[in-house]
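Each residue of the sequence shown is one higher than the one before, starting from 2 at the first, in our numbering.
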Amino acid sequence: MCVRRAPRRRLARGRLLHGEAAGRAAGGGRLDEPEARARPRRRPRQRRRARTGAGDRPGLRDLRRRQMSFGHPLLLLTLLVVPAAILALRLAERRRMRYAVKYTNLEVLAAVAGGHPWRRYVPAGLALLALATLCVAFARPHATSLVPKERATVILVLDVSGSMQSSDVRPTRLGAAQQAVRSFLDRVPPQVRIGLVAFSGDAEVAAPPTTDRELLRQSLDGIGTFPAFGGTAIGDALAVAVDLARQAVTGSASLAAVSAAAPDTKGLASILFLSDGHQTRGALEPLQGAARAKTAGIPVYTVSLGTPGGVVRGEFDGIQRTIPVPPDPATLRAIAETTGGKFYEAQNAGSLHSAYSKLGSSLGRAPGKTEVTYAFLAGAAGLLVAAGFLSALWSPRLP
2 MCVRRAPRRR LARGRLLHGE AAGRAAGGGR LDEPEARARP RRRPRQRRRA
52 RTGAGDRPGL RDLRRRQMSF GHPLLLLTLL VVPAAILALR LAERRRMRYA
102 VKYTNLEVLA AVAGGHPWRR YVPAGLALLA LATLCVAFAR PHATSLVPKE
152 RATVILVLDV SGSMQSSDVR PTRLGAAQQA VRSFLDRVPP QVRIGLVAFS
202 GDAEVAAPPT TDRELLRQSL DGIGTFPAFG GTAIGDALAV AVDLARQAVT
252 GSASLAAVSA AAPDTKGLAS ILFLSDGHQT RGALEPLQGA ARAKTAGIPV
302 YTVSLGTPGG VVRGEFDGIQ RTIPVPPDPA TLRAIAETTG GKFYEAQNAG
352 SLHSAYSKLG SSLGRAPGKT EVTYAFLAGA AGLLVAAGFL SALWSPRLP
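So this is what it looks like as structure tokens:
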């Protein structure tokens with residue numbers, strides 16, 4: 002007896018089988034309605050946007066890929082000479098092939114032609130490439146990249162409250178922050194002025210904006226000796242940093258005069274703010290301090306340091322305690338969003354160093370154009386020299 006199998010039914014794409022619906026389909030029953038639909042796959046661009054934190058939108062990072070522009074773009078039409086030259090070479094090659102055999106002795110012909118026929122095309126190819134490079138040079142190419150600003154000022158703000166003694170980031174949060182700032186100082190252009198503000202329950206200027214890197218390093222080394230006022234005053238620290246940046250840009254002698262004048266520092270100053278805790282003290286709320294920076298046109302780049310499991314152990318009020326000190330990334334992210342800066346989250350010394358290295362390569366710089374015609378001329382000259390050398394080296398010779 003022959004058992005005839007029921008035809009297998011194909012399911013439409015994007016349908017999932019669950020529970021009883023899967024059982025009915027396996028038994029040959031009709032699947033009227035799917036229990037669920039497959040979630041649509043996001044495009045790669047959507048995935049990147051989902052991973053990107055708030056305030057981490059594309060900006061100066063896109064300038065890592067140098068952009069090319071031309072002073073005389075119409076002269077790029079001279080590149081049409083290249084295909085015309087290729088056509089002329091092809092016609093000359095065909096004409097030469099008509100009279101290829103001029104020797105009655107085929108052994109002499111083989112010796113003259115040689116065993117590498119591709120060699121005769123290499124010098125011509127290099128010459129054509131040199132011609133194309135010269136055509137591009139005639140258009141005066143410019144490369145757009147980040148160049149140092151003349152009057153740029155960066156204010157570094159460091160949290161030195163008691164929670165920065167937590168060892169969840171080695172050696173401590175404060176120690177890792179000091180090491181990251183040292184690498185930042187090595188990357189920033191020497192003409193950029195840098196100031197340093199330390200804060201806990203209050204904010205103090207550890208170093209005024211200066212180009213003296215040695216003075217900044219000495220101030221950074223002594224930052225751990227600042228008195229511990231207790232608490233974390235993020236809003237007040239932002240206000241002090243904004244006033245200090247304004248003072249540096251305008252050249253005012255006092256912060257009071259700067260606050261009264263309220264100068265525009267857009268594009269001339271930026272703040273790099275590192276903290277690990279919540280706002281616990283201060284006259285200004287964090288977003289109030291951020292509003293001051295936004296009004297002055299100063300972007301604030303924030304770094305949240307520490308892990309959720311960070312603790313501080315010590316004697317408090319005569320009792321040995323272990324106090325949890327988790328970071329507050331939400332507040333720092335909001336500050337970066339408000340001011341147009343970027344937010345970074347660092348849970349170890351490596352990610353902290355990476356964040357400061359990236360900022361050191363971008364802060365104090367602005368997009369600028371540099372003419373690179375000389376590079377194309379040098380490249381064309383090198384290609385012509387190589388073409389002439391290979392042509393002389395590989396030219397056929399009679400035995």
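C-beta: ideal position from N, C-alpha, C; glycine also. Nothing here was measured: the structure is a model prediction, and the numbers come from that model.
Rounded to the nearest whole angstrom, the C-alpha separation of residue 241 and residue 352 is 27 Å.
Here DSSP, grouped into helix, strand and coil, assigns residue 383 to helix.
For residue 346, the CB contacts under 6 Å within the same chain, skipping 5 residues up- and downstream, are 305, 330 in chain order. If you check the CB distance, residue 233 and residue 280 come in under 8 Å. Going by DSSP, residue 134 is part of the alpha helix (DSSP H) stretching over 122 to 139. Spatial neighbours of residue 361 in its own chain (CB-CB distance under 6 Å, excluding positions within 5 residues in sequence) are listed in chain order as 185, 188, 189.
For residue 144, the pairing in a beta bridge is given by DSSP as 69, 371. Excluding sequence positions up to five before and after residue 290, its CB lies within less than 8 Å of the CB of 235, 236, 237, 238, 239, 240, 243, 336, all in the same chain and listed in chain order. With a threshold of 16 other beta carbon atoms within 10 Å, residue 122 falls short and is exposed. About 11 Å separates the beta carbons of residue 129 and residue 85, which is beyond the 8 Å limit, so they are not a contact pair.
Ranked by Cα distance from residue 343, the first of 357, 350, 349 is 357. Apart from sequence neighbours up to five positions away, the residues of its chain that approach residue 80 with a beta-carbon distance below 7 Å are 133, 136, ordered along the chain. For the 8 Å CB-CB criterion, residue 199 and residue 224 form a contact. Inter-residue distance for residue 204 and residue 169 is about 25 Å (C-alpha atoms, whole angstroms).
Here residue 269 carries a coil assignment [DSSP, helix/strand/coil]. Between residue 271 and residue 364 the beta-carbon gap is near 5 Å, inside 8 Å, which marks them as a contact. Under a 10 Å Cβ-count criterion, residue 277 is classified as buried, with 16 or more other Cβ atoms of the shown protein chains found around its own Cβ. As a beta-bridge residue in DSSP terms, residue 206 pairs with 198. No Cβ-Cβ contact shorter than 8 Å links residue 157 with residue 183. Ranked by Cα distance from residue 325, the options 315, 334, 386, 332 are led by 315. Apart from sequence neighbours up to five positions away, the residues of its chain that approach residue 332 with a beta-carbon distance below 6 Å are 287, ordered along the chain.
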